[in-house]
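Protein chains in written order, with my numbering: chain A, 1 to 555; chain B, 556 to 717.
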Amino acid sequence: MKKNGASIIIESLIQNGVNTVFGYPGGANIPIYDALYGHQGIRHILTRHEQGAIHAADGFARATGKLGVVFATSGPGATNLVTGLANAYMDSVPLVAITGQVPTHMIGNDSFQEADIYGITVPITKYNYLVKDVSKMGQIMAEAIHIATTGRPGPVLIDVPKDIQDMSAVYGKYDVRLPSYKPNVKGNTMQINEAIKAIDTARRPVIYAGGGIITSSAVKELVSLSRKGNIPVVLTLMALGSMPSEEDLNLGMVGMHGTKYANLAVRECDLLIAVGARFDDRVTGNPDNFAQDAKIIHIDIDPAEIGKIKQVEIPIVGDAKTVLGIIAEKVKSQPRKEWVEKIKKYKKDYPLKYKHSDKKVIKPQQVIEAVNDVIDGDAIFVTDVGQHQMWAAQYLKLKESRTFISSGGLGTMGFGFPASIGAVIGRPDKTVINITGDGSFQMTIQEMATAAHYKLPIKVVLINNGFLGMVRQWQQLFLGKRYSYTDLGESPDFVKIAEGYGVKGIKIEKPDEVKPAIEKALKHDGMVLLDFRVEREENVMPMIPAGGSIETIME
Amino acid sequence: MERRTLSILVRNHPGVLSHIAGLFARRAYNIESIAAGITEKPDVTRITIVVKGDERVIEQVVKQVRKLIDVIKVVELDYADSVTRELAIITVNCSKETRGEIIEISDVFNGTIVDMSEKTLTVQVVGNERQIKGIIKLLSFFGIEEMARTGLIALPYRSTRD
């Protein structure tokens with residue numbers, strides 16, 4: 001049957017199980033929006049900015065494990081996606097972005113709302129297309145979705161000139177045949193056996209788990225390997241939630257703002273089992289000192305990650321779930337009493353701590369703890385970027401995977417709130433809590449209109465210290481308190497802003513009001529913005545300065 | 556730092572070269588030369604890239620390149636075991652007195668004189684890296700006016716293997 005390019009796009013999405021799209025119309029994607037008009041198969045969420053749309057699609061993908069899809073027009077619409085694409089690329093999120101482009105004959109003329117989005121996005125997408133022939137539209141859609149969702153997932157961009165959207169072609173079924181793209185899932189048996197041998201003979205092994213655990217749904221395998229071998233687990237920011245917080249052997253986050261005991265475990269281990277993790281500098285500090293006495297096993301579906309930062313003794317290219325499954329089944333059950341005791345002692349001796357409030361000022365950590373008390377792990381937490389993000393990562397109690405969503409690699413301020421929109425659309429059964437800061441929140445604050453319009457019951461926990469807190473912290477610690485342009489000055493009246501957008505706002509200034517406010521917010525049907533005025537110059541501790549190691553930890 | 560030759564087979568469609576060149580650029584790997592052309596299969600292009608780097612760097616480059624969706628195959632060619640060729644066109648200053656000498660040099664390197672004016676000679680030469688370097692060195696004594704090089708292309712020797 002013949003269809004126009006725009007309809008082929010919509011039909012391909014439906015055929016691939018996509019029923020939710022985030023986006024923003026414009027001159028160059030009018031035909032796509034026309035194809036959507038009155039369409040029953042796809043729900044379209046209109047945000048207030050294209051950046052909001054792509055972060056929402058990203059949050060949707062992370063919360064559900066499904067593909068995120070975003071539409072934008074040409075030129076500024078497309079360039080507004082750039083941050084979101086880079087964000088999804090760094091965190092390996094499956095995403096397809098479909099942009100309108102000026103008509104084929106006008107490309108290259110500096111036409112109105114023209115930008116070379118294909119060229120711009122080459123370094124920040126897993127793959128991208130400029131469609132020049134409508135007869136290829138169906139094939140390209142099938143390929144794009146396949147590439148975005150398989151192997152190491154990532155964003156794919158398809159730029160579609162307006163005339164191609166209007167032209168017709170036969171639409172059928174498409175096989176994806178990419179001779180040059182075959183992700184290796186299984187892992188080499190000999191290498192896996194090597195790994196098992198190494199684990200069985202290790203006295204002080206540690207599992208270093210990354211976001212790949214969540215991507216490949218390897219949670220069960222991870223927990224079973226840890227329990228069977230009595231192997232402590234340290235998590236990256238991206239892996240939070242992949243092991244329940246209350247597991248004894250879960251040491252929480254590792255790295256710059258990780259727990260001291262997680263970092264000590266890595267320092268002292270004789271075998272590091274890295275899975276779906278990429279030795280990011282926020283984790284390793286100085287890579288030479290990271291797990292310096294350990295033999296390293298590295299399991300990753302992306303061969304280019306192995307050996308990128310650290311030399312590895314046992315490389316295994318494969319899917320985390322598959323490989324961990326085999327390893328967990330075959331390793332010997334071992335008590336590792338001495339090692340486990342030592343870890344337990346570290347956990348007891350170096351707990352996360354902060355100075356409790358003198359009852360006058362709210363401590364930010366206390367807000368997170370109050371959230372724990374009220375929620376008991378039964379929510380999806382979405383954070384922005386900054387101090388609040390690290391406090392959330394440190395103090396939140398999590399029970400299952402896909403309940404902690406955060407911009408890890410790119411560190412995108414403004415990600416959290418729109419990502420919460422995606423999360424709540426994808427998981428309406430869950431309470432969605434956005435933990436944000438006054439700096440981050442104001443970067444995409446207009447999306448409150450989206451939340452209000454669709455009646456999305458997002459609870460925003462705003463940790464408001466009137467500073468760009470993380471930079472201020474660095475200025476305090478390393479630059480003698482020269483707070484160059486990190487003081488945001490007098491805060492806007494967030495309650496009034498919320499009300500202006502038609503959502504509820506509550507301002508909280510006293511420690512004893514914290515918990516009741518959270519309870520109240522949860523009882524309220526719609527969105528609530530909780531503006532917690534907290535201690536202005538609180539720091540995130542512990543901290544290993546950039547490029548440092550456990551020896552240089554600040555507490 | 557060693558110089559390495561990578562032979563990369565890619566699906567032949569627009570943008571592929573920029574994907575590859577872009578990958579090198581943003582990871583700060585310095586390309587010494589890059590040459591692309593179609594192969595015996597019309598839908599496959601061979602890109603020959605010469606890069607400088609130690610073993611670890613090259614290993615990482617190869618992995619990153621291999622990861623690109625359009626890349627079918629990447630091999631590192633061993634210099635001693637490969638046919639490597641480059642074409643250079645060199646316009647060199649000359650006078651009546653030096654013309655003979657320049658032609659002599661060109662002959663030694665199997666070059667061809669492809670253009671001549673009152674004050675210049677243009678030499679075309681095909682050879683491996685050593686030969687191209689050699690002729691450039693000798694011609695530079697006369698003053699090279701302009702030069703264009705294609706970049707290296709290479710294939711592994713088969714004669715000694717089959």
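Note that beta-carbon positions come from the ideal geometry of N, C-alpha and C, so glycine has one too.
Who are the neighbours of residue i on chain A, taking C-beta pairs under 7 Å?
i        : result
Arg654/B : Those within 7 Å of Arg654/B in chain A number zero; the least Cβ separation is about 46 Å.
Arg566/B : Ser180
Gly689/B : Correct list: empty, because the minimum Cβ distance to chain A is about 38 Å.
Gly698/B : Within chain A, no residue comes near Gly698/B; the closest Cβ sits about 39 Å away, beyond 7 Å.
Does the CB of residue i have a neighbour CB from chain B at under 7 Å?
i        : result
Ser216/A : no
Ser180/A : yes
Pro287/A : no
Tyr127/A : yes
Tell me, please, whether the CB atom of residue i is closer than 7 Å to any CB atom in chain A?
i        : result
Gln679/B : no
Arg581/B : yes
Val626/B : yes
Gly608/B : no
Lys596/B : no
Gln686/B : no
Gly682/B : no
Lys651/B : no
Gly577/B : yes
Lys622/B : yes
Lys618/B : yes
Give me the chain B residues within the contact set of residue i, using Cβ-Cβ distance strictly less than 8 Å, ordered along the chain.
i        : result
Asp116/A : Chain B residues near Asp116/A: none, gap ~11 Å exceeds 8 Å.
Take residue i as the anchor and find which of the options has the nearest alpha-carbon.
i        : options                                   : result
Leu468/A : Ser491/A, Lys459/A and Gly480/A           : Ser491/A
Ala195/A : Gly38/A, Leu410/A, Pro287/A and Ile299/A  : Ile299/A
Leu46/A  : Gly547/A, Leu95/A and Ala452/A            : Ala452/A
Gly706/B : Leu623/B, Gly682/B, Glu610/B and Phe664/B : Gly682/B
Val620/B : Leu561/B, Asn567/B and Lys674/B           : Leu561/B
Val206/A : Asn188/A, Arg267/A and Lys173/A           : Arg267/A
Ile506/A : Leu85/A, Gly500/A, Lys515/A and Phe494/A  : Phe494/A
Ile314/A : Ser333/A, Ala274/A and Val156/A           : Ala274/A
Arg654/B : Asp670/B, Leu642/B, Asn665/B and Arg685/B : Asp670/B
Tyr174/A : Ile145/A, Thr189/A, Pro244/A and Pro428/A : Ile145/A
Gln387/A : Glu537/A, Ile306/A and Ala63/A            : Glu537/A
Asp163/A : Pro183/A, Ile107/A, Gly119/A and Lys186/A : Ile107/A
Thr79/A  : Val18/A, Thr104/A and Val122/A            : Val122/A
Asp378/A : Pro244/A, Gly426/A and Gly325/A           : Pro244/A
Lys399/A : Ile375/A, Arg62/A and Leu178/A            : Ile375/A
Asp200/A : Val323/A, Asp280/A, Ile327/A and Pro76/A  : Ile327/A
Lys504/A : Ile213/A, Ala517/A, Gly154/A and Ile343/A : Ala517/A
Glu673/B : Pro569/B, Asn567/B, Ser650/B and Thr639/B : Ser650/B
Asn188/A : Lys182/A, Gln165/A, Ser217/A and Val317/A : Val317/A
So residue i contacts chain A; which residues on that side make the cut at Cβ distance below 8 Å?
i        : result
Ser573/B : Gly119 and Val122
Gly592/B : Going along chain A, no residue has its Cβ under 8 Å from Gly592/B, so there is no contact; the nearest lies around 18 Å.
Taking C-beta pairs closer than 9 Å, name the residues in chain A that residue i reaches, listed in chain order.
i        : result
Glu614/B : Gly307
- Query: Residues in the segment 629-645 of chain B with C-beta within 8 Å of chain A's C-beta atoms, listed in sequence order?
  - Reply: none
- Task: Determine which residues of the segment 295-318 of chain A have a Cβ less than 9 Å from any Cβ of chain B, and write them out in chain order.
- Result: Asp302, Pro303, Ala304, Glu305, Ile306, Gly307, Lys308 and Gln311
- Considering only residues of the segment 670-700 of chain B, which uninterrupted alpha helix (DSSP H) runs meet the minimum length of 4 residues and lie entirely inside it, listed in chain order? 684-694
- Runs of beta strand (DSSP E) wholly within the segment 439-508 of chain A (minimum 3 residues, chain order): 459-464 and 504-508
- In the segment 143-154 of chain A, which residues sit with their C-beta less than 8 Å from some C-beta in chain B, listed in chain order? Ile147
- Could you name each continuous alpha helix (DSSP H) segment of 4 residues or more that falls completely within the segment 191-258 of chain A, going from the start of the chain to the end? Whole alpha helix (DSSP H) segments, 4+ residues: 212-215 and 219-229.
- Taking only beta carbons into account, state which residues of the segment 655-671 of chain B come closer than 9 Å to chain A, listed in chain order. none
- Item | Whole runs of the beta strand (DSSP E) within the segment 307-363 of chain A, excluding any shorter than 3 residues | Within the segment 307-363 of chain A, the complete beta strand (DSSP E) segments at least 3 residues long are 314-317, listed from N- to C-terminus.
- Whole runs of the alpha helix (DSSP H) within the segment 102-171 of chain A, excluding any shorter than 4 residues: 117-121, 137-149 and 162-166
- Query: Taking Cβ-Cβ distances below 7 Å as the criterion, which residues of the segment 705-716 of chain B are in contact with chain A?
  - Reply: Shown here is that no member of the segment 705-716 of chain B has a Cβ falling below 7 Å from a Cβ of chain A.
- Query: Counting only runs that start and end within the segment 255-295 of chain A, where is the alpha helix (DSSP H) found for 4 or more residues in a row?
  - Reply: 260-268 and 281-284
- Task: Write down every uninterrupted run of the beta strand (DSSP E) in the segment 3-35 of chain A whose length is 3 residues or greater and which is fully enclosed by it, in chain order.
- Result: 20-23
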